[in-house]
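Peer 1: With the working numbering, you'll find the sequence shown wraps up at 1911, consecutive numbering, no jumps.
Glycine included, every Cβ here is placed at the ideal spot set by N, Cα and C.
Here it is, the structure in full.
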Amino acid sequence: MVIDSTSSAAPSPEGLAEDFLDRTNLTRDEAFARSAMVTTSEYDVHLDLSTALDPRASRYRSTTTLRFSCTRPGSWTFLDFINDGVESVVLNGRALEPAQVAGTARILLEDLAVENEVTVTGDALYSTSGEGLHRFVDPSDGQTYLYTQYEPADARRVFATFEQPDLKARFAFHLTGPADWVLASNQPPTARRDAGTDEAGRALVTVDFARTPPMSTYITTLLAGPYARWQDRWGGHPDSGAPEVPLALYCRASLAGSLDAERIFATTKAGLDYFHDLFGTPYLWGKYDQAFVPEYNLGAMENPGLVTFTEHHVFTSTATQAQYESRATTVMHEMAHMWFGDLVTMRWWDDLWLKESFADFMGTLAVAEATEFTAAWTTFANRRKGWAYLQDQYPTTHPIVADIPDLEAARQNFDGITYAKGASVLKQLVAFVGRDAFMAASRAYFARHAWANASLDDFLGALSEASGRDLRAWSGDWLRTSGVPELWVEEGGLRQAGTDPVSGAEALRPHVLKIGVFSPDDVGRLARTWGADVEVGAAGAGAWTPVAMPVAAPEAGEAPCLVLPNDEDLTYAKIRLDEPSLQAVLRYPMADALASATVWAALWNMTRDGLLPAGQFVEAVCRLAGALSEAGLYGSVLEQARTAVDRYAPASERSALRSRLGEVLVDALNTRGAGDDQQRSAARTFTRLARGAGDGALPDGAAGFLPVLRTLAGTGPDAAPDQERLAPGLEVDAEIHWLAWQALSALGHATQDELDTALAWDVSAMNTVWHRMASAARPEPAVRHAAWEAVISGVTPDGRTLSNDHLSATAAGFTASRPDLAEPYEDRFWTALEAVWSNRSNGLASRTLHGLFPSRQDAIPGTVEGQRNHPVAVAAQTWLDGHPEAPRALRRIILEETDDLLRSLRAQAANRT
Ligand SMILES: [Zn+2]
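Given below as structure tokens:
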């Protein structure tokens, strides 16, 4: 959309709303009005973390000096600073009165000059939500660690900023902290000075960091704590003139023994080689550090020079190849951002996809072409695309190019559309224009917009030049519509259907794709016997495209063959398999991994849509999953089968299906190659499947659940007496151990003493979170009550604040089993909603509301369509009807949770007929 930035120019300060200085939800209009008249040049930011070691200290001193120019001297603007007190504001040498110009979130700057300098001194709060400057105390050794996380707009929780991506500046950070800590930032240190001692007599230093190149506020970063550190170098790249890059890795000291530095460095170097070849612009940010940090809200963040990752990528338990691949994909995704996002940045969050979809696509491409995980597109087809299809069918779906009026909307938009659908559509775009044109356009885009901001039109312009094609129609069809196209074979051709759920209009897209025909080979696997490229038109011509396929309906007794639209997974669409094809894929395993992933995605979509009974999906997994050679795909379909049992099967069938799947998983535990990835995946799904049986009574025929769980739980690291017979070779490490304890607890077969004893073996950060979930899952009313109160208040009974991870673990325990025990809290959920939203950060509020959403989901017998009379659906609709003015981001959470429920009820009802 086009926004006239001058029409929303700032009003006079007299006309401001009373709460103006306390507003955190910066709007796009405010941001554009500000960048229309302000140009930032430099920040100097000093943070004094000398209080960080004192658990009673909740805040730290933050001092920011910001230099900026203004095209309208005499006018006013405001800084963003979510603070715990502002001590002084000095603008162009004038001391302003904090009581008059500073609120809890903004600082008013009046009577601006052409060139301005403002210094703000105040206090900011240590965070436990993963937003801003997060502080964490390691339960295993008592050490304190800090890191920052800002996207989309949390730098303002740490220092005073113009918090919007199009006001780039050069930042110089100065950090005071304990002398024996690692103190790091985007750029390397330039000086280190004594800074006295703290109250406990501990030596302090102040470190000055080199000024950064021009960058947006949301990718600045700081790291402080006794982190363990590894170093290496990437040797540069003669062709692109790229200099050497110093590399470093960081993680908590207590995890140091689990960090496989050599392997991560190897992936990092492979990525730097790869992207230099591909992009033609060197890596321009100096060093490349990667830090693995605790209680991280997301996978990773592309801070140039210092990328942060969730420490779940430091494998303290045995990891599968799928986990190593996932980590490599994250490393490459963040590295792609150094160009897409960091060097060239979207102007506002509407164009978030311009960096996220590109990083997702480029990250997968780099993993497939520059690492040992050559089947990365198979994982993408099943996992990443699965997320896109899910998100794109919610009533809240939106075009890839979204309308983001404010920061709350921006925060909700880090979703399956922006990442996974965008990347899927880019894969289709590459097929559409050709890879060479796409890469040439990327190079031109970097060369043209380096260190600045750009928009979709800038990228499409470069792509039109490189490809010689006008992409306006393509962009309108794919980027500005919503919803999933559907493709199926019909009457000697390919049929397309699609409706845009936002506009309600028919939406047909152009596709470049392949159709494959697969027949059983001599070892009984479906192998490709024919294939063709097909170009499908958009509106008008796109409804049906003739394709000459060498396929006839099978004669009686003849083996059916599979006709697979979207073979090789080039386009983004739900595939409906025709009846002979469905019979073929339910009967035979597939020879080709990517085709197999495409077929399993189609079966899963059909199950979620109520077109394939959940029982048939579970049976297909039971019969065919063992033949899947890709461990990631195997683990993924096992989890889908479990979800089918828990959510899409009618209540009357659930118990039998759980038993059937449970037996197959135990079999896999006992007969897979000892210690292999499939055995571990089977163990993980088995424990989660067992947990779902928590209606108080274990299902018939599944008496095996409890002994298996007890064996996996053991009583300590070296006590698994039955393991000779059960799960031979499986390493019962902390992960398996705690998954088993969580299931036993949810089933009512673990006491609090047993859980506490299990934790006492190793009080690590991860075990502490798993223990909290297991403790909250015990099916006793008093336990559920305590869990509810803790999540709603954010404080444990002994008065400790629940951090982000502990809050989610408590909520997960609350809903882990026995929905009847959670039922008494449903009314309170609806009355607590708004207070939770307004009293907490967006991150913690989202965790709370997703975590506590009523979990009752049994279909009502005798009713079918939509099941809108289900009590939870009725309560949700009543709340939505009664709160049309509630924040859009809050309504979005409720709409999506309700839609999940309705989908589950629809599938259950369709299954019963
Ligand atoms: Zn990203």
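Is the Cβ-Cβ distance between Gly-1811 and Ala-1784 less than 7 Å?
Peer 2: No, they are not a contact pair.
Peer 1: How many Å lie between Thr-1479 and Asp-1498 at the Cα?
Peer 2: For Thr-1479 and Asp-1498, the distance between alpha carbons rounds to 6 Å.
Peer 1: Any heavy atom of ligand 1 closer than 6 Å to the CB of Glu-1354?
Peer 2: Under cutoff, so the answer is yes.
Peer 1: Would the beta-carbon of Ala-1386 be found less than 6 Å away from any heavy atom of ligand 1?
Peer 2: No - ligand 1 has no heavy atom lying nearer than 6 Å to the Cβ of Ala-1386.
Peer 1: On the DSSP bridge list, what partners appear for Asp-1404?
Peer 2: Answer is Thr-1025.
Peer 1: For Ala-1357, verify whether its CB is less than 6 Å away from any heavy atom of ligand 1.
Peer 2: The answer is yes for Ala-1357.
Peer 1: Alpha carbon to alpha carbon, how far is Arg-1689 from Ala-1445? Give it in angstroms, no decimals.
Peer 2: For Ala-1445 and Arg-1689, the distance between alpha carbons rounds to 54 Å.
Peer 1: Within a Cβ cutoff of 8 Å, which residues of the same chain sit near Trp-1877, ignoring the five residues on either side of it in sequence?
Peer 2: Around Trp-1877: Trp-1828, Leu-1831, Ile-1892.
Peer 1: Thinking Phe-1273 and Ala-1208 are a contact (beta carbons under 8 Å), I'd like their distance in whole angstroms, please.
Peer 2: That belief does not hold up - the Cβ atoms of Phe-1273 and Ala-1208 are roughly 23 Å apart, past 8 Å.
Peer 1: State the start and end residues of the unbroken alpha helix (DSSP H) segment that holds Asp-1082.
Peer 2: Asp-1082 -> no alpha helix (DSSP H), and no H or E assigned at all.
Peer 1: Report, in whole angstroms, the separation of the C-beta atoms of Val-1487 and Pro-1558, which I expect to be a contact under 8 Å.
Peer 2: No, Val-1487 and Pro-1558 are not in contact; Cβ-Cβ is about 13 Å, not under 8 Å.
Peer 1: Note down the Cα distance separating Thr-1049 from Arg-1155, rounded to an integer number of angstroms.
Peer 2: Cα-Cα distance, rounded: 17 Å.
Peer 1: Indicate whether Gly-1673 and Gly-1727 have their beta-carbon atoms separated by less than 7 Å.
Peer 2: Yes, the pair counts as a contact, with Cβ atoms nearer than the cut-off.
Peer 1: Considering only residues of the same chain and omitting the five flanking positions on each side of Ser-1579, which have a CB-CB separation below 8 Å?
Peer 2: For Ser-1579, where only same-chain residues beyond five positions count, the Cβ hits under 8 Å are Val-1487, Pro-1558, Cys-1559, Leu-1560, Val-1561, Leu-1562.
Peer 1: When burial is assigned at 16 or more other CB atoms within 10 Å of the CB, is Trp-1449 buried or exposed?
Peer 2: Exposed: under 16 other Cβ atoms inside 10 Å.
Peer 1: Of the residues Gly-1746, Ser-1762, Pro-1212, which one's Cα is nearest the Cα of Ala-1772?
Peer 2: Out of Gly-1746, Ser-1762, Pro-1212, Gly-1746 has the C-alpha closest to the C-alpha of Ala-1772.
Peer 1: Keeping to the same chain, check which residues put their C-beta closer than 6 Å to that of Ala-1700; ignore five residues upstream and five downstream.
Peer 2: Note that Ala-1700 scores a pLDDT of 46, beneath 50, so its modelled location is shaky; the value from the coordinates is reported in the next line. The residues are Ser-1657, Gly-1660.
Peer 1: If you run the structure through DSSP and keep just helix, strand and coil, what is Leu-1610?
Peer 2: In the structure shown, Leu-1610 sits in coil (DSSP, three-state: anything other than H, G, I, E or B).
Peer 1: Is it the case that the Cβ atoms of Ala-1744 and Ala-1595 are separated by a distance below 7 Å?
Peer 2: Not closer than 7 Å, so no.
Peer 1: Could you check what DSSP says for Asn-1184 in three-state terms: helix, strand or coil?
Peer 2: Coil at Asn-1184, not helix or strand.
Peer 1: Going by the beta-carbon positions, is the gap between Pro-1150 and Arg-1441 smaller than 7 Å?
Peer 2: For Pro-1150 and Arg-1441, no; Cβs fall outside 7 Å.
Peer 1: Are the Cβ atoms of Asp-1206 and His-1235 separated by less than 7 Å?
Peer 2: Not in contact: Asp-1206 and His-1235 (Cβ atoms no closer than 7 Å).
Peer 1: Between the Cα of Gly-1339 and the Cα atoms of Ala-1429, Tyr-1281, Asp-1731, which residue gives the shortest distance?
Peer 2: For Gly-1339, the nearest C-alpha among the options comes from Tyr-1281.
Peer 1: Between the alpha carbons of Arg-1250 and Arg-1890, how many angstroms are there, rounded?
Peer 2: Roughly 36 Å separates the two Cα atoms.
Peer 1: Where do the ends of the beta strand (DSSP E) carrying Pro-1478 lie?
Peer 2: According to the sequence provided, residue 1478 is Arg. The question's Pro does not apply to it. Taken as a continuous stretch (DSSP letters only), Arg-1478 belongs to no beta strand (DSSP E), as it is neither H nor E.
Peer 1: State the DSSP-derived secondary structure class of Asn-1451, mapped to helix, strand or coil.
Peer 2: Note: Asn-1451 maps to strand in three-state DSSP.
Peer 1: Give me the Cα-Cα distance between Ala-1198 and Asp-1052, rounded to the nearest whole angstrom.
Peer 2: Approximately 9 Å, taken between the alpha carbons.
Peer 1: How big is the Cα-Cα spacing for Thr-1799 and Leu-1144?
Peer 2: Roughly 17 Å between the two C-alpha positions.
Peer 1: Quick one: residues in its chain with C-beta nearer than 7 Å to the C-beta of Gln-1321, no 5 flanking neighbours on either side, listed in chain order?
Peer 2: Result list for Gln-1321: Phe-1313, in chain order.
Peer 1: Count the other CB atoms within 10 Å of the CB of Thr-1174; is the residue buried (16 or more) or exposed (fewer)?
Peer 2: That one is buried.
Peer 1: Once you ignore the five residues that flank Leu-1696 on each side, which residues in its own chain have a CB closer than 8 Å to its CB?
Peer 2: Any reading at Leu-1696 must be qualified, since the residue scores a pLDDT of 48, below 50, and its modelled position is unreliable; the value itself is stated next. Once the five neighbours on either side are set aside, the close Cβ partners of Leu-1696 are Phe-1703, Leu-1704, Leu-1745.
Peer 1: Does Gly-1013 pass the burial test, meaning 16 or more other C-beta atoms within 10 Å, or should it be called exposed?
Peer 2: Exposed: under 16 other Cβ atoms inside 10 Å.
Peer 1: Rounded to the nearest angstrom, what separates Tyr-1570 and Asp-1017 at their Cα positions?
Peer 2: Straight-line Cα distance between these residues: approximately 45 Å.
Peer 1: Tell me the rounded alpha-carbon separation between Trp-1375 and Ala-1589.
Peer 2: Trp-1375 and Ala-1589: Cα-Cα distance of roughly 16 Å.
Peer 1: On the CB-based measure, 16 or more other CB atoms within 10 Å of its CB, does Pro-1009 come out buried or exposed?
Peer 2: Note on Pro-1009: pLDDT 48, under 50, position unreliable in the model; no value is reported.
Peer 1: Are Leu-1847 and Leu-1405 closer than 7 Å when you measure CB to CB?
Peer 2: Contact flag unset, no.
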